[in-house]
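In what follows, a single structure is set out as structure tokens and then discussed.
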Amino acid sequence: MKVLVSVVSLEEARAVVELGADIIDVKNPAEGSLGAQPPTVIQQIAEFVSPRGLPVSVTLGDL
Numbered sequence: 008m009k010v011l012v013s014v015v016s017l018e019e020a021r022a023v024v025e026l027g028a029d030i031i032d033v034k035n036p037a038e039g040s041l042g043a044q045p046p047t048v049i050q051q052i053a054e055f056v057s058p059r060g061l062p063v064s065v066t067l068g069d070l
């Protein structure tokens, strides 16, 4: 079983990776269920998570 954890910041991503999350999901729930984070936040998280061999998913917003 894999565990997906949704995060809104680099700090949250660091914490959940340390705790053993398998998949990091970047979203902004303040913008709704499909709310997207700014590209800079997504990039920061991806640059931290990807070298650790973990997948990153992102929401792209409510179209």
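In terms of my numbering, the sequence shown opens at residue 8 and continues consecutively. All C-beta atoms in this analysis are idealised placements derived from N, C-alpha and C, irrespective of residue type, glycine included. Model, not experiment: these values are computed from the prediction.
Inter-residue Cα distance where the pair is residue i and residue j
i   : j   : result
K9  : I31 : 11 Å
P45 : R59 : 22 Å
Limits of the unbroken beta strand (DSSP E) element including residue i
i   : result
T33 : Here residue 33 is Val; the residue named in the question, Thr, does not match the sequence. That run of the beta strand (DSSP E) goes 30-33.
L11 : 11-14
S64 : 63-65
Residue interval of the alpha helix (DSSP H) (run including residue i)
i   : result
Q44 : From DSSP, Q44 is part of no alpha helix (DSSP H); its letter is neither H nor E.
Beta-carbon proximity check, residue i vs residue j, cutoff 8 Å
i   : j   : result
V90 : I49 : Only positions 8 to 70 of the chain appear in the structure, and residue 90 is not among them; the question remains open.
Same chain, Cβ closer than 8 Å to residue i, neighbours up to 5 away in sequence not counted
i   : result
P36 : S13, V15, G42
L61 : V24, A28, D29, I30, I31
Close-in-space but distant-in-sequence residues of the same chain around residue i (CB under 7 Å, 5 per side omitted)
i   : result
F55 : L17, A20, R21
A53 : V63
Proximal residues to residue i (C-beta, below 6 Å), its chain only, five neighbours per side dropped
i   : result
L11 : I30, D32
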